[in-house]
Amino acid sequence: MRVFVLLFNARTENEGIHTIQVGDRNKVLMFESEDDATRFALMLEAQDFLSPTVEAIDSEEVEEFCASANYDWEIIPSESNSLIVPPEVNVDETDWNPNSKQDAGAGTLDRTQESQENSELSQSELDSIRRQLEGLL
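Here the sequence shown stands for residues 308 to 444, where the numbers follow our numbering.
And the structure:
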């Protein structure tokens, strides 16, 4: 099944996939809807996160990568009525280790988790983001 994920530095040697941290685990979000993935990417940018690129990819490829990297994954259904928002706190340092064991199939998904420091948003910034998101609807 084709899904959409958020990539940083897409199609470069330093390409990374966005993950969220749930407890002590990393989770890759796979969106069924490109619009939902774009909304999530805009919300990340609004938090002064790096600008991600929304990329279509086969869900099996992401699942294989997650298994090899010991990451969790979740498919965000397109018919979901709830708005998925990024966590308010970003991790300061990635924990990706490219030397950890990977199967050969996951080599094409050599991704790293990207993060930046937490930032507070002013009301005017939140209003601006809200207008951008409403424009996508």
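Note that beta-carbon positions come from the ideal geometry of N, C-alpha and C, so glycine has one too.
Everything numeric in this text was worked out from a predicted model, so none of it was measured.
- Residue burial is scored here from C-beta neighbours: Gly323 has at least 16 other C-beta atoms within 10 angstroms and is therefore classed as buried.
- Counting only runs of at least 3 residues, the region 319-370 fully encloses the following beta strand (DSSP E) elements, listed from N- to C-terminal order: 326-329, 332-338, 360-365.
- By the beta-carbon neighbour count (other beta carbons within 10 angstroms, threshold 16), Met308 is exposed.
- Under the three-state reduction of DSSP, Glu386 is assigned to coil, being neither helix nor strand.
- Here Asp342 is exposed, its C-beta having fewer than 16 other C-beta atoms within 10 Å.
- Residue pairing of Phe311 in beta bridges, as defined by DSSP: Phe338, Ala363.
- Spatial neighbours of Trp380 in its own chain (CB-CB distance under 7 Å, excluding positions within 5 residues in sequence) are listed in chain order as Lys334, Val335, Met337, Val369, Glu370, Cys373.
- Exposure of Arg318 is indicated by the presence of fewer than 16 other C-beta atoms within 10 angstroms of its C-beta.
- DSSP links Asp379 through a beta bridge to Lys334.
- From the listed residues Gln439, Leu440, Pro394, Leu433, the smallest Cα separation to Val329 is found for Pro394.
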